[in-house]
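Numbering (our numbering), first residue to last: 110 to 318. In this text, a Cβ means the ideal position worked out from N, Cα and C, and glycines have one as well. Note that the structure is a prediction, hence the values are computed from the model and not measured.
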């Protein structure tokens with residue numbers, strides 16, 4: 110299949126990791142787009158899930174249920190929350206090139222399967238080396254100004270497309286947000302989107318913000 114799809118994610122997000130376990134096994138033509146979820150949250154002047162204690166605790170239960178039911182390895186990184194900026198920049202297409210998928214997979218697994226501190230540049234370097242990825246080259250490119258510019262551009266593009274959280278998928282300009290929307294994404298891809306477009310348009314016309 111050559112269906113093209115955008116995948117916005119942040120290593121800080123456990124649901125991005127869970128979504129990644131689906132993404133990495135799919136035949137679609139993905140564009141992997143790392144973004145900083147704190148930047149997205151700040152733009153909308155709201156709070157992230159981890160900043161609301163009852164919500165954070167509930168979501169952790171939800172994650173444990175989902176990963177257990179679906180036999181997905183799951184633990185938490187050594188430090189949580191952590192600064193994901195180095196990891197995000199390492200995973201940019203402009204930095205990782207043809208190794209982008211391998212870099213993303215290595216970092217997600219290190220944090221959310223092995224419980225490593227993927228906010229640490231030393232740990233990230235070791236993770237890459239252990240996967241026989243060119244850590245020196247990747248870090249050299251990551252430290253260049255161009256990587257910061259590209260990450261900022263990813264965030265700006267996401268906001269223009271009204272991304273408000275991660276993981277977020279785009280296909281044919283249609284947005285699917287959250288790991289639990291993957292079932293609807295699969296239906297859309299199969300040509301069986303259950304969305305009633307007329308009702309949706311009516312809702313938008315009736316309820317203006």
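If you check the CB distance, residue 191 and residue 226 come in under 8 Å.
At a Cβ-Cβ threshold of 8 Å, residue 222 and residue 184 count as neighbours.
By the Cβ-count criterion, residue 198 is buried, with 16 or more other Cβ atoms from all chains shown falling within 10 Å of its own Cβ. Judged by DSSP secondary structure, residue 258 falls within the alpha helix (DSSP H) whose first and last residues are 254 to 269. By the beta-carbon neighbour count (other beta carbons within 10 angstroms, threshold 16), residue 302 is exposed. Counting the other CB atoms within 10 Å of its CB gives residue 119 a total of 16 or more, which places it among the buried residues. Apart from the 5 residues on each side of it in sequence, residue 209 sits with its Cβ closer than 6 Å to the Cβ of 141 and 202 in its chain, given in chain order. Distance from the Cα of residue 130 is smallest, within the candidate group 181, 166, 252 and 164, for 181. A check of alpha carbon separations from residue 176 across 127, 138, 121 and 189 identifies 127 as the nearest. Here the alpha carbons of residue 299 and residue 213 stand approximately 27 Å from one another.
Given a length threshold of 3 residues, each whole run of the beta strand (DSSP E) inside the stretch 121 to 162 is given here in chain order: 138 to 143. Residue pairing by DSSP places residue 117 opposite 142 and 277 in a beta bridge. A straight-line Cα-Cα distance of about 26 Å links residue 161 and residue 218. Uninterrupted alpha helix (DSSP H) stretches at least 4 residues long and entirely within the stretch 189 to 247 occur at 194 to 199, 202 to 205, 209 to 221 and 230 to 239, given in chain order. Judged by DSSP in its simplified three-state form, residue 283 adopts strand. DSSP places residue 291 in the helix class (H, G or I) of the three-state scheme.
Around the beta carbon of residue 153, fewer than 16 other beta carbons lie within 10 angstroms, which makes this residue exposed. C-alpha of residue 139 to C-alpha of residue 113: approximately 6 Å in a straight line.
The Cβ atoms of residue 144 and residue 267 sit closer than 8 Å to each other.
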